[in-house]
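Mapping of the sequence shown onto UniProt numbering: residues 1 to 331, in sequence order. All C-beta atoms in this analysis are idealised placements derived from N, C-alpha and C, irrespective of residue type, glycine included. Predicted model, so just to flag it, every value in this text is computed and none were measured. What follows is a short report on a single structure.
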Amino acid sequence: MLQIGDEVVYFSALFLLVVLGTRSATGASLLTAFLYVFMVMFRFPPVPADQAGRVLRPGAPSGGVLVVAHRGGCHDAPENTLAAIREASRNGATGVELDLSFTADGVPVLMHDETVDRTTNGSGPVSKLQLAQLKRLDAAARHRLRDKYSGEKVPTLQEAVEESIRQQLTIFFNVKGQPDKAASVLHEMYKKFPVLYNSSIVSSFEPKVIYKMRQTDPDVVTALIHRPWRLSRFTDGAPRSLSISGQVWTGVLDILLDWAHHHILWKLCGVSAILMQKDYISLDYIQYWAERGVEVVGWTVNTAVEKDFYQNMLKIGYLTDSLLEDFDPQY
Numbered sequence: 001m002l003q004i005g006d007e008v009v010y011f012s013a014l015f016l017l018v019v020l021g022t023r024s025a026t027g028a029s030l031l032t033a034f035l036y037v038f039m040v041m042f043r044f045p046p047v048p049a050d051q052a053g054r055v056l057r058p059g060a061p062s063g064g065v066l067v068v069a070h071r072g073g074c075h076d077a078p079e080n081t082l083a084a085i086r087e088a089s090r091n092g093a094t095g096v097e098l099d100l101s102f103t104a105d106g107v108p109v110l111m112h113d114e115t116v117d118r119t120t121n122g123s124g125p126v127s128k129l130q131l132a133q134l135k136r137l138d139a140a141a142r143h144r145l146r147d148k149y150s151g152e153k154v155p156t157l158q159e160a161v162e163e164s165i166r167q168q169l170t171i172f173f174n175v176k177g178q179p180d181k182a183a184s185v186l187h188e189m190y191k192k193f194p195v196l197y198n199s200s201i202v203s204s205f206e207p208k209v210i211y212k213m214r215q216t217d218p219d220v221v222t223a224l225i226h227r228p229w230r231l232s233r234f235t236d237g238a239p240r241s242l243s244i245s246g247q248v249w250t251g252v253l254d255i256l257l258d259w260a261h262h263h264i265l266w267k268l269c270g271v272s273a274i275l276m277q278k279d280y281i282s283l284d285y286i287q288y289w290a291e292r293g294v295e296v297v298g299w300t301v302n303t304a305v306e307k308d309f310y311q312n313m314l315k316i317g318y319l320t321d322s323l324l325e326d327f328d329p330q331y
C-alpha cells in the first residue's frame, strides 16, 4: 500500500505546485482535498497478498521465480498458439503470456498485432475478420519453424485458457484496449474457470483497462505494464516524433506518466504487480515496490546471462521469448 509518508509528500507537493501556479491557497486547498477524497473513494484495494503470491510466486522450479513464455514463447513456436503453450510447458516455463484481441463477430482470440499480416498467411485487421475466416489462416506461416508447425490455427481465448490449465501454467493476459469488452469476456472466463483466480493475472499498459477489470471483478489479480519514455521513443531509443516540439511535448507527457505509474495509478487500480521493461530494473527498484506490497516482473529477458541474473540476484519473475536459446527481444 501507499505509505502514509508518501501521501503527505505527494499531496503537499501538489498543493505547493497549484499555489505557485494559481497564487490561490484556497483554490489549491480545494483541489488537493478533492483529489485526496477521489483517491480514497474510488481506489481499489489489492487482492489479498496470499492470492497474489499464488499467482506471482507459485513455487517455480527455476530458482523459485516465475518464468513466463512471452506470447507463448514466440521464438520456440508460433506465437499465441496452442502449440506455443504446449511447447512452453515442455521446455520448463511456469507461465505463458497471451495477447487478447477480438474478431469482427466479437469472439476473443489470441493475436498480438492489430493485423494478421506478420504472423499468418492472411492480411487485414483482426477486427475486420470473422472467426471462421481467421480459423482458415495458418498461424505458423511466418514463423522460423513453419514447416514443423504448418497448419497451426489462431486459437480462441477459451481454447488457450483450457490448454494453459491442462498444462498447469500461470496465465498473463495482456490486454491492449477495449476495456469494457475485455473486462466482460475475462470475467466470463473467470466464472467458467475459477482456478484462474489463483493462476492468472490481467495486465495492460493502459490503466483504464486495469481499472475496468477491477471494477468488473475485484477478485482478479492485476498488473500495470510500463516502459519509461514509451510515448516519446520507440523501444530501440529512436524518437517517435521528428519535430523538436513533438519530442519535447511527448517527453513531458512521459515524465508525468512515469510519475503517475509510481505514485498514483498503481494505488488507484490496486495492482499486485508491475511489469517493467528489463533495462529499468534494479535491486533498489524492486525494494521500492516491495515496500508497497507490489511485485516486479521483468520483460523481455532473452539471454542466459540475464536469466541467471533474474533468478539468482534479483530473484523476480520474468518474461522470455525463448526457453531454449539466446534471442533478441521481439516487441
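- DSSP, reduced to helix, strand and coil, places Met41 within a helical segment of the structure shown.
- Under the criterion of beta carbons closer than 8 Å, Leu66 and Thr94 qualify as touching, at roughly 5 Å.
- In the structure shown, Asp219 falls within a coil segment according to DSSP collapsed to helix, strand and coil.
- Leaving aside the five residues that flank Arg214 on each side, the residues in its chain whose CB is nearer than 8 Å to its CB run, in chain order, Phe44, Val220, Thr222, Cys269 and Gly270.
- For Phe102, the pairing in a beta bridge is given by DSSP as Pro108.
- As DSSP reads the structure, Thr115 sits in a beta bridge with Pro125.
- In the DSSP assignment, Ala69 falls within the beta strand (DSSP E) that extends over Val67 to Ala69.
- Take the alpha-carbon of Gln287 and the one of Thr303: they are about 24 Å apart.
- The beta carbon of Pro125 sits closer than 6 Å to those of Glu114 and Thr115, all from its chain and outside the five residues before and after it, given in chain order.
- Between Tyr318 and Trp289, the CB-CB gap reaches or exceeds 8 Å.
- Residues Asn302 of the same chain have their beta carbon placed closer than 7 Å to that of Asp328, with the five preceding and five following residues left out of the count.
- By the Cβ criterion, the region 84-98 is in contact with the region 164-171, since at least three pairs of Cβ atoms, one from each stretch, lie closer than 8 Å.
- In the DSSP assignment, Pro239 is bridged to Arg233.
- Taking C-beta atoms as the reference points, His112 and Asn80 count as a pair closer than 8 Å.
- The beta-bridge partner set that DSSP reports for Ser150 is empty.
- Counting of Cβ neighbours within 10 angstroms places Lys191 among the exposed residues, the total staying below 16.
- Per DSSP, the continuous alpha helix (DSSP H) segment holding Phe309 begins and ends at Ala304 to Phe309.
- Fully enclosed beta strand (DSSP E) runs of no fewer than 3 residues occupy 273-277, 295-299 and 318-320 of the region 256-325, in order along the chain.
- Boundaries around Ser164 are those of the alpha helix (DSSP H), Leu157 to Arg166, since no beta strand (DSSP E) includes it.
- Judged by DSSP secondary structure, Ser89 falls outside any beta strand (DSSP E) and instead within the alpha helix (DSSP H) spanning Leu82 to Arg90.
- Judged by DSSP in its simplified three-state form, Thr170 adopts strand.
- If you draw a straight line from the Cα of Val107 to the Cα of Ser200, it comes to about 20 Å.
- Rounded to whole angstroms, Tyr149 and Arg118 show a C-alpha spacing of 16 Å.
- The alpha carbon of Tyr197 has as its nearest neighbour, out of Pro218, Phe234, Gly177 and Pro239, the alpha carbon of Pro218.
- In the three-state reduction of the DSSP assignment, Glu206 falls in the coil class, being assigned neither a helical nor a strand state.
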